[in-house]
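Worksheet: one structure, shown below.
So this is what it looks like as structure tokens:
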């Protein structure tokens, strides 16, 4: 968890998204403050875009807008990995 | 009324009263964030009037908005009282044509005239309106 106090990295975000969302595979790019995540997950099936994005935001909680200044999200429904 | 949260109530009223309402950083004229700027540009391209609230003058606006909408980031677009999403979702919906549909832009027989960015038909809200 100590890594979370340092500057956020795309690798950290990818790992946390994939750990936090069932069946998720993420591609994350970013500079430590602004990130872009493309996420395919089986958990997105049947959910509205709003609900899909909320799942991703929930992984990071209050870090969004703080430590993670901005996170752009594109979601796709995927098959279980 | 005295036991409720007046600012949150004002925000809820603004959402209810404005069919297309964008909470953003800055104003449509002077967006203060790239995501807000992009969302404004998309709405202007659709050509339907929209109201806008600048969340920057008072951090409580953003806090209360996010608590109300269960959405952590700004901008936030509301259509007919419902959260549509932020910049990413608005962009996706614009590219797929869903946004134009939800704003009723396709129903127009003739293309709607592009509104002046500075003077949307709906009353632009400001922090003064929210207090």
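Protein chains in written order, with my numbering: chain A, 3 to 83; chain B, 28 to 158.
We treat Cβ as the ideally placed atom computed from N, Cα and C, and that holds for glycine.
Small disclaimer: the values here were computed from a predicted structure and weren't measured.
- One finds 52 in chain A with Cβ atoms closer than 8 Å to the Cβ of residue 110 of chain B, taken in chain order.
- Beta bridge pairing from DSSP links residue 28 of chain A with A/41.
- Counting only runs of 3 or more residues that sit fully inside the segment 83-143 of chain B, the beta strand (DSSP E) segments are 103-106, 109-112, in chain order.
- In summary, the residues of the segment 64-76 of chain A whose CB is separated from some CB of chain B by less than 9 Å are 64, 66, 67, 72, 73, 74, 75, 76, in the order they occur in the chain.
- Under the three-state reduction of DSSP, residue 63 of chain B is assigned to helix.
- Contact with chain A is found for residue 97 of chain B, since one of that chain's Cβ atoms lies less than 8 Å from the residue's Cβ.
- Secondary structure of residue 9 of chain A (DSSP, three-state): coil.
- Residue 77 of chain A sits buried, since 16 or more C-beta atoms from the chains shown fall within 10 Å of its C-beta.
- For residue 84 of chain B, the closest alpha carbon among the candidates B/72, B/58, B/73 is that of B/58.
- Counting only residues of its own chain and dropping the five nearest sequence neighbours on each side, residue 10 of chain A has a CB closer than 8 Å to the CB of 32, 34, 35, 37, 65, 69, 70.
- At the C-beta level, residue 23 of chain A and residue 79 of chain A stay beyond 8 Å of one another.
- Comparing alpha-carbon positions, the option among B/50, B/52, B/73, B/31 lying closest to residue 129 of chain B turns out to be B/73.
- For residue 55 of chain A, a Cβ of chain B is located within less than 8 Å of the residue's own Cβ.
- A check of alpha carbon separations from residue 124 of chain B across B/70, B/103, B/62, B/108 identifies B/70 as the nearest.
- Within 9 Å of the CB of residue 62 of chain B, the CB atoms of chain A belong to 72, 74, in sequence order along the chain.
- Look at residue 54 of chain B here: in three-state DSSP terms it is coil, with no helix or strand label.
- In the three-state scheme derived from DSSP, where H, G and I count as helix and E and B as strand, residue 50 of chain A is classed as coil.
- In this structure, residue 19 of chain A places its C-beta atom within 8 Å of the C-beta atom of residue 28 of chain A.
- By the rule that beta-carbons nearer than 8 Å mark a contact, residue 116 of chain B touches chain A.
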